[in-house]
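Residue numbers (the numbering used here): 4 to 537. In what follows, a single structure is set out as structure tokens and then discussed.
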Amino acid sequence: MAMLLEDILKSVELWLKLIKKPQPYVDPHLDPVLLVPGIAGSVLNAVDEESGAEERVWVRILSADYTFRTKLWSRFDPSTGKTESMDPKARIVVPEGRYGLQAIDALDPDMVIGQEGVYYFHDMIVELTKWGFQEGKTLFGFGYDFRQSNRLQETLDRLAAKLEAVYEASGGKKITIITHSMGGLLVKCFMCLHSDVFEKYVNKWIAIAAPFQGAPGYVTSTFLNGMSFVDGWEQNFFISKWSMHQLLIECPSIYELMACLDFQWEHPPLLEMWRGRPDGDGKSQIMLESYPLVESVQIFKEALANNTVNHNGEDIPLPFNMEILKWANETRKIISQAKLPPQVKFYNIYGMNLETPHSVCYGNEGTPVTDLQQLRYFQPNYVCVDGDGTVPVESAKADGLNAAARVGVPGEHRGILCEHHVFRILKHWLKADHDPYYNPVNDYVILPTAFEMEKHKEKGLEVTSLKEEWEIISECQDADHKNSHSAAADEKPVVSSISVSEVGAEACATLTVHPRSEGKQHVELNALSVSVDA
Numbered sequence: 004m005a006m007l008l009e010d011i012l013k014s015v016e017l018w019l020k021l022i023k024k025p026q027p028y029v030d031p032h033l034d035p036v037l038l039v040p041g042i043a044g045s046v047l048n049a050v051d052e053e054s055g056a057e058e059r060v061w062v063r064i065l066s067a068d069y070t071f072r073t074k075l076w077s078r079f080d081p082s083t084g085k086t087e088s089m090d091p092k093a094r095i096v097v098p099e100g101r102y103g104l105q106a107i108d109a110l111d112p113d114m115v116i117g118q119e120g121v122y123y124f125h126d127m128i129v130e131l132t133k134w135g136f137q138e139g140k141t142l143f144g145f146g147y148d149f150r151q152s153n154r155l156q157e158t159l160d161r162l163a164a165k166l167e168a169v170y171e172a173s174g175g176k177k178i179t180i181i182t183h184s185m186g187g188l189l190v191k192c193f194m195c196l197h198s199d200v201f202e203k204y205v206n207k208w209i210a211i212a213a214p215f216q217g218a219p220g221y222v223t224s225t226f227l228n229g230m231s232f233v234d235g236w237e238q239n240f241f242i243s244k245w246s247m248h249q250l251l252i253e254c255p256s257i258y259e260l261m262a263c264l265d266f267q268w269e270h271p272p273l274l275e276m277w278r279g280r281p282d283g284d285g286k287s288q289i290m291l292e293s294y295p296l297v298e299s300v301q302i303f304k305e306a307l308a309n310n311t312v313n314h315n316g317e318d319i320p321l322p323f324n325m326e327i328l329k330w331a332n333e334t335r336k337i338i339s340q341a342k343l344p345p346q347v348k349f350y351n352i353y354g355m356n357l358e359t360p361h362s363v364c365y366g367n368e369g370t371p372v373t374d375l376q377q378l379r380y381f382q383p384n385y386v387c388v389d390g391d392g393t394v395p396v397e398s399a400k401a402d403g404l405n406a407a408a409r410v411g412v413p414g415e416h417r418g419i420l421c422e423h424h425v426f427r428i429l430k431h432w433l434k435a436d437h438d439p440y441y442n443p444v445n446d447y448v449i450l451p452t453a454f455e456m457e458k459h460k461e462k463g464l465e466v467t468s469l470k471e472e473w474e475i476i477s478e479c480q481d482a483d484h485k486n487s488h489s490a491a492a493d494e495k496p497v498v499s500s501i502s503v504s505e506v507g508a509e510a511c512a513t514l515t516v517h518p519r520s521e522g523k524q525h526v527e528l529n530a531l532s533v534s535v536d537a
């Protein structure tokens, strides 16, 4: 269904180009771009300190869970703020191949089947290359150990060195940083603590799906139930939810994704549960209890009080870590104080139109929670708000910065990195002046001015409506255009129809081209698709 509308949209844009301009492999006029991923978005390798042997520990498919547990499980050191692998011989590193892009492209490049499951920035890298960006000249990546705090000095030093290297490799051009998810917190933290370096090397920062005020429902269920990055049968070849839980419970990064306490939420996120408590008559009284952000910490502590892992035959306690929480609260304070340098432009793209966990509820009247340490076996139920499925719109929009633009795009948290509409926005902001914005042969700019999409279900059908508008802006090239304003008053819009169909779905659209006036021509697309709801 959505593909039909996408086909129509691409057809209209192809028509708007009028003349196909062969795109150069390299555009020397582009400013350099540095891609920064979010949590779990970097390949991690383990180096054996004794033998020097190096193997991938994240992401991998074969022996994934075993290698993950033996090499990547960690303990937090409050004296340094760093989480260190339980295996003293394992040193975690990020591969630097392809100017940093290797670590953030396809997270398991050895896969032959189903690569899309571990793609990260892959599609965006392909698009940027088509637009004329060149690896090592104008296109770079920054992978990092996502277990660590976003203010760990070791990571910030690496980022500072990376910015300097990119600046020099591009011939002294200032950099556009594109972050995804938690990468936005890392860069905002860097901007606060190293504002001089940021100001020296950065021209623009584009944040995509950043949890600026946290990801409440997502993180709450992660603490109590674990986290899975793939669904369905593929989980059998990947990391179990509980193995991932036992890693993240000692990772400052996940604590720094908790809901911000100082933010004025429209509806404060809650941890709720149906609890069975004995009354004076020896019977069980079932009540729905609600815990706001501060009080939910006590539930985490009680639920994880006896949490342990077995590493090399030794049982190691892993309770909810109050030392990490203290560290993370300080990180959030630093992030909230960040200021954007005056000459740096900031742009914010956030995902929307998906049900996104906000508050979490455990148990029900029929199966109440009687033992908090059994919470890991309960299926969480979510109270959802609008967002990208992980980060609420409310959190993603609240960047606290003087943004040049904030744009909501329908899309899923990680899938938004592959969205066609996001690519068109980036192309404009990066001044990669190829289609759909600029045609050098005819000397006009095609500027998107509106985009709306709505979905609803009706009588077993899924109905999607789409509206997009453009302005075609060009110079008046001849004397006939001098009186274009008066001439346009006598002209009528040209209306055309487009239709696409396949088994179980059909889509139709109306394209309206308004008369040219004062160097501008307005184009409207209104489309509707109907498909059988699977």
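We treat Cβ as the ideally placed atom computed from N, Cα and C, and that holds for glycine.
Taking C-alpha positions only, Glu474 is separated from Lys434 by approximately 17 Å.
Beta-bridge pairing by DSSP links Thr83 to no other residue. Rounded to the nearest angstrom, the gap between the Cα atoms of Ala56 and Pro91 is 14 Å.
Excluding its 5 nearest sequence neighbours in each direction, Arg72 has C-beta neighbours in its own chain below 7 Å: Ser246, listed in chain order. By the Cβ neighbour-count rule, Thr158 is buried, with 16 or more other Cβ atoms within 10 Å of its own.
Following the DSSP letters along the chain, one finds Gly144 inside the beta strand (DSSP E) bounded by residues 142-144. When secondary structure is reduced to three states using DSSP, Thr73 falls in the helix class. With respect to the 8 Å criterion, Ile107 and Pro40 are classified as neighbours on the basis of their beta carbons. Taking Leu404 as the centre and dropping the five residues before and after it, the same chain places the C-beta of Leu343, Phe349 closer than 7 Å to its C-beta, in chain order. Glu167: member of the alpha helix (DSSP H) spanning 156-172, first to last residue. For Asn228, the uninterrupted alpha helix (DSSP H) segment begins and ends at 219-228. Nearest to Asn309 by alpha-carbon distance, out of Gly135, Leu260, Gln377, Phe193, is Gln377. DSSP, reduced to helix, strand and coil, places Cys421 within a helical segment of the structure shown.
Looking at the DSSP output, Leu37 sits in a beta bridge with Phe143, Ile180. Contact fails between the region 373-389 and the region 317-325, because fewer than three Cβ pairs, one in each stretch, are under 8 Å apart. Secondary structure note for Glu494: it is in no alpha helix (DSSP H), with a DSSP letter that is neither H nor E. Within the same chain, Leu420, Cys421 come within 7 Å of Asp126 by CB-CB distance, once the 5 residues on both sides are set aside. Of the other Cβ atoms in all chains shown, 16 or more fall within 10 Å of the Cβ of Asp391; this residue is therefore buried. Between Phe145 and Ile252 a beta carbon distance of about 26 Å is seen, past the 8 Å cut, so the two are scored as non-contacting.
Cα atoms of Leu131 and Arg59: separation of roughly 27 Å, rounded to the nearest angstrom. Note on the region 312-354: whole alpha helix (DSSP H) runs with a minimum of 4 residues are 325-339, in chain order.
If the five residues before and after Lys191 are omitted, its C-beta is found closer than 7 Å to the C-beta atoms of Ile338, Ala341, all from its own chain and listed in chain order. Of all alpha-carbon atoms in Asp389, Ser256, Ser287, the one lying nearest the alpha-carbon of Arg335 is that of Ser256. Within the region 229-310, the complete alpha helix (DSSP H) segments of 4 residues or longer fall at 244-251, 255-258, 296-306, listed in chain order.
Exposed is the label assigned to Arg280, since fewer than 16 other Cβ atoms lie within 10 Å of its Cβ. Asn153 is classed as buried because its beta carbon has at least 16 other beta carbons within 10 Å across all chains shown. Around the beta-carbon of Lys165, 16 or more other beta-carbon atoms lie within 10 Å, marking it buried. The three-state secondary structure of Gly463, taken from DSSP, is coil.
Just measuring C-alpha positions, the residue of Phe266, Leu227, Pro295 sitting nearest Pro272 is Pro295. Counting of Cβ neighbours within 10 angstroms places Leu291 among the exposed residues, the total staying below 16. Counting the other CB atoms within 10 Å of its CB gives Asn228 a total of 16 or more, which places it among the buried residues.
The alpha-carbon separation between Leu531 and Asp265 amounts to approximately 42 Å. The three-state reading of DSSP puts Phe454 in strand, counting E and B together.
In this structure Asp402 is buried. Its beta-carbon is surrounded by 16 or more other beta-carbon atoms within 10 angstroms.
Segment contact: the region 162-182 against the region 191-202, three or more CB-CB distances shorter than 8 Å; contact assigned.
Taking 8 Å as the cut-off, the Cβ atoms of Ile209 and Ile181 count as close.
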